[in-house]
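For reference, the structure is listed below as structure tokens.
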Amino acid sequence: MSIVLLGLNHSSAAVEVRERLAFDAAQAAEALRRLKQLDGGAEFVLLSTCNRVELYYAGEQELEQIAPRLVAFLSGFHGIKPESFKSCLYFHQNEEAVRHLLRVSSGLDSLVVGESQILGQVKASYSLACAAKSTGKILNRLFHCAFFTAKSVHTRTAVSNGRVSVAGVAVELALQLFAQIERAKVVVIGAGETGELVVQHLLKAGCRDITVVNRTYERAAELAQRCRISVGSWEELGSQIGRANIVISSAAVQEVLYTRESFERTVPRPRSAALLIIDVGVPRNFDPAINKINDVYLYSMDELKEVAEQNLKAREQDVSSGLEIVAEQVAEFMDWLRTKDLGPLIGRMKEEFHQIGRKEMERFLVGPRQDACCKMLLEQMVDRVINKLLHCMIKNVDAVAKEAGAAEAARLIERILGQAREISCAAEPEEDKQP
Numbered sequence: 101m102s103i104v105l106l107g108l109n110h111s112s113a114a115v116e117v118r119e120r121l122a123f124d125a126a127q128a129a130e131a132l133r134r135l136k137q138l139d140g141g142a143e144f145v146l147l148s149t150c151n152r153v154e155l156y157y158a159g160e161q162e163l164e165q166i167a168p169r170l171v172a173f174l175s176g177f178h179g180i181k182p183e184s185f186k187s188c189l190y191f192h193q194n195e196e197a198v199r200h201l202l203r204v205s206s207g208l209d210s211l212v213v214g215e216s217q218i219l220g221q222v223k224a225s226y227s228l229a230c231a232a233k234s235t236g237k238i239l240n241r242l243f244h245c246a247f248f249t250a251k252s253v254h255t256r257t258a259v260s261n262g263r264v265s266v267a268g269v270a271v272e273l274a275l276q277l278f279a280q281i282e283r284a285k286v287v288v289i290g291a292g293e294t295g296e297l298v299v300q301h302l303l304k305a306g307c308r309d310i311t312v313v314n315r316t317y318e319r320a321a322e323l324a325q326r327c328r329i330s331v332g333s334w335e336e337l338g339s340q341i342g343r344a345n346i347v348i349s350s351a352a353v354q355e356v357l358y359t360r361e362s363f364e365r366t367v368p369r370p371r372s373a374a375l376l377i378i379d380v381g382v383p384r385n386f387d388p389a390i391n392k393i394n395d396v397y398l399y400s401m402d403e404l405k406e407v408a409e410q411n412l413k414a415r416e417q418d419v420s421s422g423l424e425i426v427a428e429q430v431a432e433f434m435d436w437l438r439t440k441d442l443g444p445l446i447g448r449m450k451e452e453f454h455q456i457g458r459k460e461m462e463r464f465l466v467g468p469r470q471d472a473c474c475k476m477l478l479e480q481m482v483d484r485v486i487n488k489l490l491h492c493m494i495k496n497v498d499a500v501a502k503e504a505g506a507a508e509a510a511r512l513i514e515r516i517l518g519q520a521r522e523i524s525c526a527a528e529p530e531e532d533k534q535p
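Note that the working numbering numbers the sequence shown so that position 38 is 138, with each residue one more than the last.
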């Protein structure tokens, strides 16, 4: 049984590649359904966020066998040639795949190290896979291990302190580029989780003139009421942008909201008035060519890296502590993975040992001894001795599994089972027979 990960993220691929391979919830559910058709006996979870697309596989095939099929699947699903993204992919198997997921879930592999938003995204992806019935024993155990690890990292270290979300870094970039943000008119596009975090960070920074605009007006109005900010309709988005000093956009869209041509045509701009646009949407909300318009300054996810790296330097010790926690949990999971298939064999070994004990008791409790008052105590004593011997045997089996692999441990148990059956079936010694 192998665990294989195929993916790309903010470190390996530019945003224009990531957005072409991104999945929304409906696409992810359809992809999982197709993957199960591809290999009904395997398990799959698909994680797609603004900074990464990762496909987790657990099944009988090794990395060399399954990787080309998964690459072809991504290519076919999105209708893009493998050559346009294959060089951006990373592949991990077994322990490395486990370590990667635990680091991702804990926010230790994010653009903004320590962010807690990624954990919710991993949980949502896992829930989607459960609903699609594409998970099983291996990935269920792995993802619950990831959730536990993330909780441990965030409670035992301070890695999540400070501005540790994409929204927080976007606002920090705005603070660096706009001297008097408290006097700025800000338009927030998108009322989802990221949009709400943007609003909260803006309020903490002292900004008061904030308008939220969302395709679904009711959702934007609810956020505006809770945060005591203004709300605008989707139809008046262009005029809202035209009056703004700063725009921070995280709308979930498949096509850009504005090309350069449509922006220049529909967004009225005062002369010599600078506009800062921070686009944290993936796929992107604004055509990069908009950055060429006079007095319009467009930043996307990739430009946030420098700010994120500044935050990382301040938390290096906490990151180190978090990685130690990850290492502990990786070791525990791999111990379980190595020995999980040994469970039935160990169960058979236990039964054979107790069968020997029962037969020995039957041989002993014959004739005058069958009515002995201490019969129950004797049976309990024999069970305790057998359990202690089994404990020693299982510890040795575990040691063999760690050092030589599960296959060698299984062969050891089979040899023990064969010897136990010989003992159990052996003829009763003459000296033990009662006259």
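Backbone N, C-alpha and C fix where the C-beta goes; we use that ideal spot for every residue, glycine too.
Looking only at Ala-351, Leu-303 and Gly-338, the smallest Cα-Cα distance to Arg-319 is reached by Ala-351. Its Cα nearest to that of Asp-441, the residue Asp-498 stands out among Asp-498, Val-396 and Leu-477. The region 123–139 makes contact with the region 227–236; the number of CB pairs closer than 8 Å reaches 3 or more.
Nearest neighbour of Gln-455 by Cα position, chosen from Glu-322, Val-145, Leu-376 and Leu-490, turns out to be Leu-490. With the rule of 3 Cβ pairs closer than 8 Å, the region 342–362 does not count as touching the region 318–332. When DSSP states are grouped into helix, strand and coil, Ala-158 belongs to the strand group.
Within the same chain, Asp-387 come within 6 Å of Thr-359 by CB-CB distance, once the 5 residues on both sides are set aside.
About 6 Å separates the Cβ atoms of Ser-524 and Lys-459, confirming a contact at the 8 Å cut-off. Rounded to whole angstroms, the separation of the alpha carbons of Gly-220 and Ile-329 is 26 Å.
In this structure, DSSP gives Phe-243 a helical state, which the three-state scheme calls helix. Linking Lys-251 to Arg-521 through their CA atoms gives a straight-line distance of about 47 Å. Residue pairing for Leu-478: DSSP places it in no beta bridge. Taking 8 Å as the cut-off, the beta carbon of Asn-151 is found closer than this to the beta carbon of Leu-211. The region 415–434 makes no contact with the region 381–400; the number of CB pairs closer than 8 Å stays below 3. Considering only Asp-379, Arg-315, Gly-107 and Tyr-190, the residue with the shortest C-alpha distance to Val-271 is Asp-379. In the three-state reduction of the DSSP assignment, Val-222 falls in the helix class, which pools H, G and I. When C-alpha distances from Ala-284 are compared across Asn-194, Ala-506, Gly-518 and Leu-375, the shortest belongs to Leu-375. Residue state for Gln-280 is assigned as coil, using DSSP reduced to three classes. For Ile-348, the enclosing beta strand (DSSP E) covers residues 346–349. Boundaries for Leu-442: no alpha helix (DSSP H) harbours it, and the DSSP string shows neither H nor E there.
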